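Notes to accompany the following structure.
There are 2 protein chains.
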Amino acid sequence: MSRAQCEGLLGKVRQELDRTLEFWLSHSHDQEFGGFFTCLGREGAVYDDRKYIWLQGRQVWTYCRLYRKVPRFHRQELLDAAVAGGEFLIRHSAVSAASTKRAFAVTRDGRPIKVQRTIFAECFYTMAMDELWRVTGVKRYQAEAMAMMEQVSRWVREDPAGLGRPALPGAEPVNSMAVPMMLLCLVDQLEEGDEAIAGKYQELGAWSVQQILQHLQRKGAVVLETVSADGKELPGCEGRLQNPGHALEAGWFLLRYAVKHSCEELKTMAIEKFVIGPFEAGWDPEFGGLFYFLDVDGHSPTQLEWDMKLWWPHTEALIAFLLGYQVSRDPRLLQTFNHIFDYTFAHFPDREHGEWYGYLNRQGTVTHTFKGGPFKGCFHLPRCLYLCEQILDSLLGEAQAS
Amino acid sequence: MSRAQCEGLLGKVRQELDRTLEFWLSHSHDQEFGGFFTCLGREGAVYDDRKYIWLQGRQVWTYCRLYRKVPRFHRQELLDAAVAGGEFLIRHSAVSAASTKRAFAVTRDGRPIKVQRTIFAECFYTMAMDELWRVTGVKRYQAEAMAMMEQVSRWVREDPAGLGRPALPGAEPVNSMAVPMMLLCLVDQLEEGDEAIAGKYQELGAWSVQQILQHLQRKGAVVLETVSADGKELPGCEGRLQNPGHALEAGWFLLRYAVKHSCEELKTMAIEKFVIGPFEAGWDPEFGGLFYFLDVDGHSPTQLEWDMKLWWPHTEALIAFLLGYQVSRDPRLLQTFNHIFDYTFAHFPDREHGEWYGYLNRQGTVTHTFKGGPFKGCFHLPRCLYLCEQILDSLLGEAQAS
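Listed in order, the protein sequences are those of chains A and B.
According to the numbering used here, the first sequence holds residues 6 to 407 in order.
According to the numbering used here, the second sequence holds residues 6 to 407 in order.
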């Protein structure tokens with residue numbers, strides 16, 4: 006990448022990150038109960054005050070991470086809001102006082118409305134608590150993170166009974182890619198700067214990588230979203246489902262792991278099979294953008310929204326290709342990064358009110374005008390922009406040094 | 006309606022019903038295990054062999070009802086398939102041997118995969134069993150229907166604990182329109198030709214009507230999908246949600262009830278508030294067709310598929326407007342029926358392979374090529390065509406007599 010090109014990209018990414026944070030700082034803080042409103046309309050008005058625990062945890066994580074790593078975000082208002090969000094999570098996210106299970110959604114004042122029979126609310130709780138400990142130094146937050154990590158790991162690897170799913174004779178256990186991806190992400194989070202914790206979770210990290218690699222099917226030609234517990238392709242729609250954005254996210258998770266563990270073979274596999282492959286499978290040749298879902302045999306996916314273009318697969322693709330380029334210096338990856346960047350920055354940002362639209366139809370027209378909702382909060386977009394800024398900064402440093 | 010117009014419509018509707026039944030008779034029967042494949046591609050090939058209990062019950066009901074009411078469908082192959090489907094439901098739909106709760110989905114050979122914490126699988130089980138009793142005379146089927154009806158009614162009006170939903174402090178009980186609609190539909194089904202049963206369920210029918218009418222909000226201006234248990238508008242997205250096709254379905258349910266009970270006031274209210282109102286709210290002025298979801302205050306609905314055009318709201322609209330016309334002879338209703346008919350018959354039918362596409366984008370282009378899926382079986386379309394044929398037959402009889 007030329008120095009001029011790198012500077013150009015860096016300017017755009019940094020400006021977009023500033024605008025994005027400004028949106029959430031201006032509109033999402035619940036000053037009365039703590040935590041965050043995430044159902045925010047185009048201009049930032051709250052259109053629903055329900056609180057989604059995934060999104061509460063993600064916003065705490067985002068604020069803390071930026072406060073800790075990006076000097077211009079080392080601001081008291083981010084720290085204060087993150088602490089208020091963390092305290093809200095500790096007080097109000099448990100399904101009941103006796104339970105470690107976290108709710109999916111709660112009322113504005115923190116009474117549980119809905120529970121999912123999955124691990125995800127608990128995983129984002131763990132990420133929030135760990136990052137909060139790193140910025141505040143308060144040990145209780147780390148203790149919360151470590152205890153929840155143990156619980157999540159037990160649910161996944163020993164006994165899922167506490168998740169509340171009934172055991173049904175026709176429901177074979179499956180390997181759903183989100184689960185090892187989450188665990189790998191948590192290991193990466195918790196082990197930062199602590200060799201003892203890194204050692205403790207080394208086996209879990211390696212196991213998560215192997216579980217993710219089981220999704221590579223058909224002699225390495227495709228990444229499938231759900232496989233059998235012993236790593237075989239499943240019959241029917243469930244087995245044929247592809248989620249290109251999710252595969253790309255797995256791609257950069259694997260690549261980070263490969264870099265950290267200096268594993269050349271895994272670097273190559275991550276780039277070829279989990280970055281380039283899913284992009285080629287998932288990019289719409291007619292209108293551009295990544296499809297949300299595909300069926301590997303070309304049937305119509307049964308998901309009604311399969312052909313929509315969502316913001317988050319594009320943020321994952323940007324991270325995956327830029328990190329892939331940084332690691333490999335393969336110009337093909339930079340070229341595709343630029344292609345995705347152009348589509349994404351042309352279609353998703355709202356130049357007038359800041360932040361990005363989340364949902365476009367296949368043709369690229371905005372279908373939902375809100376900036377946040379039950380599944381879109383302050384996470385994928387700022388995480389992408391922060392990581393891209395980091396990588397571009399590093400590339401620019403090299404260019405200046407040379 | 007002129008005689009020529011009526012004959013023209015009747016010809017189209019009858020032909021479409023024949024083509025639709027032919028599709029299911031040719032492609033959906035599981036000769037080995039009984040029951041029906043519903044995941045059928047454009048040409049009828051099975052792309053997934055999972056069985057959805059709602060759709061099994063609905064297809065049994067459809068086959069029996071046509072066998073019983075439409076002479077040209079009084080064919081052994083419909084009866085045999087319906088009995089095989091009914092026996093599959095009796096043997097394989099329970100979540101466990103000790104449970105009255107029915108599964109949502111089972112494997113091809115009938116092992117439960119998934120359970121919903123709602124009443125709908127059980128409601129369609131009831132409809133199937135009652136209709137099966139009417140065509141076979143086998144008392145066991147009626148006993149199954151009556152026992153399940155009691156169970157459903159207890160879950161709704163006395164104690165929902167058996168549905169398996171955890172009681173959460175933030176989850177206030179709500180009145181979701183689907184629940185009283187289903188109960189009203191079941192009362193209508195079970196009481197046919199039996200005054201004792203009609204008497205037994207008279208109170209439940211009247212209660213269901215009142216529960217549906219609670220969804221009329223804002224001084225009668227709008228039908229909302231979910232209201233509080235005491236009939237007030239709820240805050241947030243949940244409270245503002247409109248589902249025009251569902252309101253239109255409620256419209257013709259109310260209208261049938263009003264005709265049966267000679268209730269003039271309810272006839273007028275059903276037509277004005279649950280037929281004309283939801284059509285005007287739900288029809289896309291730009292591209293035609295009924296939106297799937299709307300937010301009554303004009304926010305973007307959070308459902309990703311909100312602007313899609315689904316087959317079933319259009320089938321409900323056709324029934325609602327044609328029945329409304331039959332009852333009122335208001336020419337506005339016939340005019341709108343024709344408008345909906347033209348859009349629907351121009352966009353949904355597959356002239357080459359029969360049956361209808363289920364899902365179009367806002368612009369009216371087919372997004373999913375399959376004819377059946379996890380939520381589309383042999384029910385809404387044949388029910389619509391059968392009811393429209395009945396009404397048109399009756400109107401034609403009047404035209405010929407006059």
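For glycine and all other residues, C-beta sits at the position ideal for the given N, C-alpha and C.
Predicted, not measured: the structure shown is a model, and the values here were computed from it.
Within chain A, the residues that residue 375 of chain B reaches when beta carbons sit closer than 9 angstroms: Working through the second sequence from its first residue, we reach residue 375 of chain B at position 370. The contacting residues are 304, 305, 307.
Strictly below 8 angstroms CB to CB, what residues from chain B border residue 310 of chain A? Position 305 of the first sequence, counting from 1, holds the residue named residue 310 of chain A. Those are 309, 310, listed as they occur along chain B.
Using only CA atoms, which one of A:326, A:316, A:338, A:398 lies nearest to residue 364 of chain A? Here residue 364 of chain A is taken as the residue at index 359 of the first sequence, counted from 1. For residue 364 of chain A, the nearest C-alpha among the options comes from A:316.
Given that a residue counts as buried once 16 or more other Cβ atoms are within 10 Å of its Cβ, and exposed if not, what is residue 266 of chain B? Counted from its first residue, the second sequence places residue 266 of chain B at position 261. Classification of residue 266 of chain B: exposed, given that the 10 Å Cβ count is below 16.
Can you give me the C-alpha to C-alpha distance between residue 271 of chain A and residue 295 of chain B, rounded to a whole angstrom? Start at 1 with the first residue of the first sequence, and residue 271 of chain A comes out as number 266. Start at 1 with the first residue of the second sequence, and residue 295 of chain B comes out as number 290. Spanning the two alpha carbons is a distance of roughly 50 angstroms.
Do residue 253 of chain B and residue 318 of chain B come within 8 angstroms of each other at the CB atom, strictly closer than that value? Looking up residue 318 of chain B in the second sequence gives position 313. Looking up residue 253 of chain B in the second sequence gives position 248. Taking 8 angstroms as the Cβ cut-off, residue 318 of chain B and residue 253 of chain B qualify as a contacting pair.
Can we say the segment 290-304 of chain B touches the segment 243-250 of chain B, given the rule of at least three CB pairs closer than 8 angstroms? yes
Cutoff 8 angstroms; reference residue 358 of chain B; Cβ partners in own chain excluding five residues on either side: As a first step, residue 358 of chain B must be located in the second sequence, where it is residue number 353. The residues are 28, 47, 48, 49, 376.
Less than 8 angstroms between the CB atoms is what I'm expecting for residue 118 of chain B and residue 162 of chain B, so what's the real figure, rounded? Residue 118 of chain B sits at position 113 when you count from the first residue of the second sequence. Residue 162 of chain B sits at position 157 when you count from the first residue of the second sequence. At roughly 29 angstroms, the Cβ-Cβ gap does not stay under 8 angstroms, so residue 118 of chain B and residue 162 of chain B are not in contact.
What are the start and end residues of each continuous alpha helix (DSSP H) run of 4 or more residues lying completely inside the segment 268-351 of chain A, in chain order? 269-276, 282-287, 316-333
Selection of the segment 22-50 of chain A by Cβ proximity to chain B, strictly under 8 angstroms: Flagged, chain order: 44, 46.
Three Cβ pairs or more, each shorter than 8 angstroms: is that satisfied between the segment 78-92 of chain B and the segment 108-116 of chain B? no
CA-to-CA distance, residue 10 of chain A to residue 4 of chain A, given in whole angstroms: As displayed, chain A neither begins before 6 nor continues past 407, which places residue 4 of chain A out of reach and without an answer.
Where the beta strand (DSSP E) through residue 373 of chain A begins and ends: Walking along the first sequence from the start, residue 373 of chain A turns up at place 368. Looking at the DSSP string, the run of the beta strand (DSSP E) that includes residue 373 of chain A is 371-373.
8 angstroms Cβ cutoff met for residue 140 of chain B and residue 72 of chain B: In the second sequence, counting from the first residue as 1, residue 140 of chain B sits at position 135. In the second sequence, counting from the first residue as 1, residue 72 of chain B sits at position 67. Contact: yes.
Going by DSSP, name the residue or residues bridged to residue 238 of chain B. Here residue 238 of chain B corresponds to residue number 233 of the second sequence, with the count starting at 1. Per DSSP, B:232.
6 angstroms Cβ shell around residue 384 of chain B - same chain, five flanking residues per side excluded: In the second sequence, counting from the first residue as 1, residue 384 of chain B sits at position 379. Around residue 384 of chain B: 63, 67.
Does the Cβ of residue 339 of chain B lie closer than 7 angstroms to at least one heavy atom of the ligand PLP? Of ligands this structure carries none, so the ligand PLP is not represented either.
Specify whether the segment 179-189 of chain B and the segment 179-186 of chain A touch according to this definition: at least 3 beta carbon pairs, one from each stretch, less than 8 angstroms apart. Of all C-beta pairs linking the segment 179-189 of chain B to the segment 179-186 of chain A, fewer than three are shorter than 8 angstroms, placing the two stretches out of contact.
Could you say which of B:407, B:77, B:97, B:279 lies nearest to residue 175 of chain A if we only look at CA atoms? The residue given as residue 175 of chain A occupies position 170 in the first sequence. It is B:97.
Would residue 389 of chain A pass as a contact of residue 339 of chain A if the rule is Cβ separation under 8 angstroms? Counting from 1 along the first sequence, the entry for residue 389 of chain A is found at position 384. Counting from 1 along the first sequence, the entry for residue 339 of chain A is found at position 334. No. Outside cutoff.
6 angstroms CB neighbourhood of residue 368 of chain A in its chain, flanking five on each side removed: Your numbering for residue 368 of chain A matches position 363 in the first sequence. For residue 368 of chain A, where only same-chain residues beyond five positions count, the Cβ hits under 6 angstroms are 292.
By the 10 Å Cβ neighbour count, where 16 or more other Cβ atoms means buried, how is residue 224 of chain A classified, buried or exposed? As a working note, residue 224 of chain A is residue 219 in the first sequence. Exposed, since its Cβ has fewer than 16 Cβ neighbours within 10 Å.
Is the distance from the Cβ of residue 157 of chain A to the Cβ of residue 239 of chain A below 8 angstroms? By 1-based counting over the first sequence, the position of residue 157 of chain A is 152. By 1-based counting over the first sequence, the position of residue 239 of chain A is 234. Not closer than 8 angstroms, so no.
Would residue 58 of chain B pass as an interface residue toward chain A - the criterion being a Cβ-Cβ separation below 8 angstroms? Along the second sequence, one-based indexing puts residue 58 of chain B at 53. Taking Cβ atoms only, chain A never reaches closer than 8 angstroms to residue 58 of chain B, which makes this a no.
Any contact of the segment 323-332 of chain B with the segment 394-403 of chain B, i.e. 3+ C-beta pairs under 8 angstroms? yes
Does any C-beta atom of chain A lie closer than 8 angstroms to the C-beta of residue 295 of chain B? For the purposes of this step, residue 295 of chain B is identified with residue 290 of the second sequence, where counting begins at 1. With 8 angstroms as the cut-off, residue 295 of chain B does not count as an interface residue toward chain A.
Against chain A, with Cβ distances strictly below 8 angstroms, would residue 178 of chain B count as a contact? As a working mapping, residue 178 of chain B is identified with position 173 in the second sequence. False, the Cβ-Cβ gap to chain A never drops below 8 angstroms.
Can you list the residues of chain A that residue 366 of chain B reaches, using a CB-CB cut of under 9 angstroms? Reading the second sequence from its first residue, position 361 is the one you call residue 366 of chain B. Within 9 angstroms Cβ-Cβ: 312, 366, 367, 368.
Residues sharing a beta bridge with residue 222 of chain A, DSSP: On the first sequence, residue 222 of chain A is found 217 positions in, with the first residue counted as 1. Answer is A:227, bridged to residue 222 of chain A.
Run of the alpha helix (DSSP H) containing residue 53 of chain A, from where it starts to where it stops: Numbered from its first residue, the first sequence carries residue 53 of chain A at position 48. Where residue 53 of chain A is concerned, there is no enclosing alpha helix (DSSP H), although the beta strand (DSSP E) it sits in stretches over 51-53.
Residue 237 of chain B burial status per 10 Å Cβ neighbour count (16 or more: buried): The count along the second sequence starts at 1 and reaches residue 237 of chain B at position 232. The residue in question, residue 237 of chain B, is exposed, as its Cβ has fewer than 16 Cβ neighbours within 10 Å.
For chain B, check one thing: does any of its Cβ atoms lie closer than 8 angstroms to the Cβ of residue 144 of chain A? Locating residue 144 of chain A in the first sequence gives position 139, where the first residue counts as 1. No, residue 144 of chain A does not count as interfacial toward chain B.
Closest by C-alpha distance to residue 304 of chain B, when choosing among A:290, A:346, A:378, A:305: Start at 1 with the first residue of the second sequence, and residue 304 of chain B comes out as number 299. Nearest option by C-alpha distance: A:378.
Here's a check: name, in chain order, each residue in its chain whose Cβ is nearer than 6 angstroms to the Cβ of residue 105 of chain A, leaving out the five neighbours to either side. Counted from its first residue, the first sequence places residue 105 of chain A at position 100. Same-chain partners within the cutoff: 156.
Beta carbon of residue 362 of chain A nearer than 8 angstroms to that of residue 350 of chain A: Position 357 of the first sequence, counted from the first residue, corresponds to residue 362 of chain A. Position 345 of the first sequence, counted from the first residue, corresponds to residue 350 of chain A. For residue 362 of chain A and residue 350 of chain A, no; Cβs fall outside 8 angstroms.
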